[in-house]
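Student: Here's a structure for you.
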């Protein structure tokens, strides 16, 4: 039976108990725990017996009493502790943390960062921003205070405030937490409500908190604004007009897949056709699109064993008269099974998938998600596979030609970088070296706000497979290498080819492109083995 107690309301002790997750201290100084090996139990004992003010010093220098309690009782009292910690008694601390969280998130908005990383170690907290796909150290908050070498306490307090006060969770350093919250921030001189997704991961001696901005900080992209090839746009628009079939978009995390889904749905008449998306989390609001938040860890009813996951909502959608369905991501067999059924039974189905190429999609469906080969290769079902990445874009105001770059790179004592770029460009695009551009390491007034001097914004590179019956024959045989060679004989431009096109356009630096696109400068294994043999002829110990 669950018992209720009065808990000691000392703030640091409450935080210690919540961090422990298995223990609380009642108003008489007795420790109640459901685990004799609780991670912070020793610290709780030490805290009690070292205080000469708590309970008028009644526990000072003494070993506190420990009693076993049920897990239900402990969890109930820890919820009480969380409420007390967040009560009006802590208004001053809350105000300070509110200001710090606002300053941190405002800094990210100013930099147009997609993510904030808060890394809390044993002694200090490190703040980083992901800007244009690259992590950079945050040097100062928007209020002018330093963000460098901050205390561990600041990081943990920020995390606790984000989850307990802005979100809906009791804070604990011991378990992963996921939540979301909103802040009113300044964007281009105007107040804007910005939504953030918070994800906490325990570390060996600390925590890592990632805050992802899920509110578009500019106008949401349209297909036309993505600067894709005209045939890319035409194929997307044609496939979105279909009444059935499947479109699968792939790419690494942060490659703009959600933005592309948004842009695809923008091409649809959302009055004539019912569009309903399932997302975890819902990232963008969109006029005329109904969106459902998928909560895979939440039960429909406590103890029912039925969870509000993609499979559950996919089945519920059957009664909703939907023309186009979008799944945020395919992760499980059951969800993928229902997804493919939607594409088979008179609806257009779109989803994202983590794969390293468009060619890799069928193997994941068949071998990882256990969808029968006969379904994946069925005539007319799979319509379009894509793979995309985002490359940092050269600042158009200060990008350098190869000739102009030589002296600038020498001035900054990075001639080696210049020579490497020149050699690679001469090998890859020898007929276009007059058109290519490289990053200006000095930057200019137009890109000075970016942490990547000489680069500003990002541009998409994309490979696309519009499936036909000859493609499906390779999939049915699961001959993926043969399929790739077949595509190449048809002149299929893969993501490497599109990247080289971006380089020829003078839009991206070859070094930045190489960071994202594998095998931009392929080296055969035989060449590598020859290099190893040659290196072993030398004695490196001398």
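Residue numbers (my numbering): 5 to 546.
Here a beta-carbon is modelled for each residue, glycine too, at the ideal position from N, C-alpha and C.
According to DSSP, residue 185 sits in a beta bridge with which residue or residues?
Tutor: In the DSSP output, where bridge partners are listed per residue, residue 185 has 200.
Student: Let me confirm a value: residue 101 is counted as buried when at least 16 other C-beta atoms fall within 10 Å, else exposed. Which label applies?
Tutor: The residue in question, residue 101, is buried, as its Cβ has 16 or more Cβ neighbours within 10 Å.
Student: What number of angstroms, rounded off, separates the C-alpha of residue 267 from the C-alpha of residue 395?
Tutor: Their backbone Cα atoms lie some 19 Å apart in a straight line.
Student: In angstroms with no decimal places, state the Cα-to-Cα distance between residue 32 and residue 61.
Tutor: Taking the straight line joining both Cα atoms gives about 12 Å.
Student: Note the first and the last residue of the continuous beta strand (DSSP E) segment covering residue 253.
Tutor: Run containing residue 253: 249 to 254, per the beta strand (DSSP E) assignment.
Student: Buried or exposed for residue 223, going by 16 or more other Cβ atoms inside 10 Å?
Tutor: Burial call: exposed.
Student: Residue 503: buried (16+ other C-beta within 10 angstroms of its C-beta) or exposed?
Tutor: Buried, because 16 or more other Cβ atoms sit within 10 Å of the Cβ of residue 503.
Student: Which partner residues of residue 392 appear in the DSSP bridge assignment?
Tutor: In DSSP, residue 392 forms a bridge with 466.
Student: Could you check where the beta strand (DSSP E) with residue 121 kicks off and where it finishes?
Tutor: Taken as a continuous stretch (DSSP letters only), the beta strand (DSSP E) holding residue 121 covers 119 to 124.
Student: Determine, for residue 211, whether the minimum Cβ-Cβ distance to residues of chain B falls below 9 Å.
Tutor: Any reference to chain B falls outside this structure, which holds one protein chain only.
Student: In angstroms, rounded to a whole number, what distance separates the CA positions of residue 272 and residue 239?
Tutor: Approximately 14 Å, taken between the alpha carbons.
Student: Kindly confirm or deny that the region 298 to 317 and the region 213 to 231 touch, where touching means at least three C-beta pairs closer than 8 Å.
Tutor: Touching, no.
Student: Spatial neighbours of residue 297 within its chain, please: C-beta separation below 6 Å, excluding the five flanking residues on both sides.
Tutor: Within the same chain, residue 297 has close Cβ partners 286.
Student: On the criterion of 16 or more Cβ atoms from any shown chain inside 10 Å, does residue 459 qualify as buried, or is it exposed?
Tutor: It counts as buried.
Student: When we look at the beta-carbon of residue 209 and count the other beta-carbons within 10 Å, is it buried (16 or more) or exposed?
Tutor: When all chains shown are included, residue 209 counts as exposed.
Student: Name the one or two DSSP bridge partners that residue 36 has.
Tutor: DSSP lists 28 and 71 as partners of residue 36.
Student: Can residue 399 and residue 454 be called in contact, C-beta distance under 9 Å?
Tutor: It is a contact, given that the beta carbons lie within the stated cut-off.
Student: Measure how close the beta-carbons of residue 123 and residue 130 come, nearest whole angstrom, since I'm counting them as under 8 Å.
Tutor: Confirmed, about 4 Å.
Student: Quick one: residues in its chain with C-beta nearer than 7 Å to the C-beta of residue 375, no 5 flanking neighbours on either side, listed in chain order?
Tutor: Cβ neighbours of residue 375 beyond the five flanking positions: 340, 341, 344 and 369.
Student: For the pair the region 169 to 181 and the region 142 to 153, tell me if three or more CB-CB distances fall below 8 Å.
Tutor: No: fewer than three Cβ pairs fall under 8 Å.
Student: Are the region 15 to 24 and the region 68 to 87 touching by the rule of at least three beta carbon pairs closer than 8 Å?
Tutor: Touching, per the Cβ criterion.
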